[in-house]
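Residue numbers (my numbering): 31 to 75.
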């Protein structure tokens, strides 16, 4: 499996959990971050 296929698979896993995937370029490589947001307070409308 190539590195591109591994990255796509990691992104698909993150998205299947309902979270956001961020892709960032560093000096010599690329990283994938999983962003999970949680509601801590909500008013009644």
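Ideal Cβ placement from N, Cα and C applies to all residues, glycine included.
About 6 Å separates the CB atoms of residue 62 and residue 41; that is less than 8 Å, so the two are in contact. Less than 8 Å separates the beta-carbon of residue 64 from that of residue 49. Setting aside the 5 residues that flank it on each side, residue 44 is surrounded in the same chain by 51 and 64, each with a C-beta closer than 7 Å to its C-beta; the list follows chain order. Assignment of residue 41 by DSSP, reduced to helix, strand and coil, places it in the helix class.
Under the DSSP definition of a beta bridge, residue 35 lacks any partner.
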